[in-house]
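Enquirer: Mind the numbering: the sequence shown is residues 533 to 667 in this note's numbering, read in order.
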Amino acid sequence: MYNTGIIRFKLFNDLYGKLNPIEGGIDIPFEIKRVYYIYDVQSEVVRGFHSHKRLHQVLIALGGSIKVRLKTPDEEVVYKLDNPGEGLYIGPNIWREMYDFSKGSTLLVLASQPYDESDYIRNYDHFITTNPYRS
Ligand code: T46
């Protein structure tokens with residue numbers, strides 16, 4: 533699927549525990565301009581239902597597990613995030629839905645731009661008809 537993929541972070545693992553460093557532009561393919569995290573989500577809740585026009589993001593399950601359904605006009609794929617040592621890269625023009633948040637889970641998101649509501653496409657038909665990758 534275009535503009536998506538799993539990134540595995542460097543790991544420092546010793547007797548004292550594990551550490552994953554993430555530097556913008558080095559470990560992920562953009563400079564980090566914003567960080568937010570989603571937690572205390574009930575298991576039946578589904579979030580997202582939008583794509584972005586320009587935004588690049590990396591989603592990391594810091595604790596617990598979270599499923600992410602990604603859609604393009606031609607494909608659909610589900611990732612189960614349950615490893616804080618890896619992140620799911622999502623670039624522009626990808627529809628996303630986050631669900632099955634396990635109890636106590638936290639989803640950390642690294643973003644390439646400040647919050648901008650005009651960058652969202654929240655209507656699925658609009659997402660399909662305006663998608664530049666549509667075949
Ligand atoms: C995305 C997925 C993975 C802000 O004011 N600033 C922010 O940086 C963010 C992310 C949200 N908000 C406000 C906007 C809404 O009133 O927080 C409220 C909830 O946001 P939203 O319904 O967009 O949350 P999700 O979980 O559906 O989507 C979020 C991100 O918005 C989105 O970019 O890709 O997480």
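Virtual Cβ for every residue (Gly too), placed ideally from N, Cα, C.
1. For a quick check, are the C-beta atoms of LEU591 and SER644 less than 8 Å apart?
2. Counting only the same chain and skipping the five closest in sequence on each side, list residues whose C-beta sits under 8 Å from that of PRO553.
3. Buried or exposed: where does ARG666 fall if 16 or more other Cβ atoms within 10 Å of its Cβ makes it buried?
4. Using CA coordinates, which residue listed in ASP651, PHE659, GLU576 and TYR647 is at the minimum distance from VAL567?
5. How big is the Cα-Cα spacing for ARG579 and TYR548?
6. For PHE659, which of helix, strand or coil comes out of DSSP?
7. Is MET630 near the ligand T46, with its Cβ less than 7 Å from a heavy atom?
8. So, at 6 Å on beta carbons, what are the nonlocal neighbours of LEU551 in its own chain, with the 5 sequence-adjacent residues on each side left out?
9. When you measure from the CB of GLY623 to every non-hydrogen atom of the ligand T46, does any distance come out below 7 Å?
10. Specify whether the region 611-623 and the region 650-662 touch according to this definition: at least 3 beta carbon pairs, one from each stretch, less than 8 Å apart.
11. Buried or exposed: HIS584, going by 16 or more other Cβ atoms within 10 Å of its Cβ?
12. Go to GLU576, then tell me how far its beta strand (DSSP E) extends in each direction, as first and last residue.
13. Can you name the residues that DSSP bridges to GLN589?
Expert: Straight from the coordinates:
1. Along the sequence shown, one-based indexing puts residue 591 at 59. Along the sequence shown, one-based indexing puts residue 644 at 112. Cβ atoms of LEU591 and SER644: not closer than 8 Å.
2. The sequence position of residue 553 within the sequence shown is 21, counting from 1. Here the set comprises PHE541, LYS542, PHE544 and ASP559.
3. Counted from its first residue, the sequence shown places residue 666 at position 134. Residue environment for ARG666: exposed (fewer than 16 other C-beta atoms within 10 angstroms of its C-beta).
4. Working through the sequence shown from its first residue, we reach residue 567 at position 35. It is TYR647.
5. As a working mapping, residue 579 is identified with position 47 in the sequence shown. As a working mapping, residue 548 is identified with position 16 in the sequence shown. Rounded to whole angstroms, ARG579 to TYR548 spans 36 Å at the Cα level.
6. In the sequence shown, the residue the question calls residue 659 occupies position 127. Of the three classes helix, strand and coil, the one that applies to PHE659 here is helix, per DSSP.
7. Here the question's residue 630 lines up with position 98 in the sequence shown. Result yes, Cβ under 7 Å from the ligand T46.
8. The residue given as residue 551 occupies position 19 in the sequence shown. Annotation for LEU551: PHE544 place their beta carbon closer than 6 Å to its own, counting only its chain and skipping 5 residues before and after.
9. On the sequence shown, residue 623 is found 91 positions in, with the first residue counted as 1. Not under cutoff, so the answer is no.
10. no
11. The residue labelled residue 584 in the question sits at position 52 within the sequence shown. HIS584 comes out buried.
12. By one-based count along the sequence shown, residue 576 stands at place 44. Here GLU576 belongs to no beta strand (DSSP E), and DSSP marks it neither H nor E.
13. The residue you call residue 589 lines up with position 57 of the sequence shown. DSSP output for GLN589 lists ILE622 and ALA643 as bridge partner(s).
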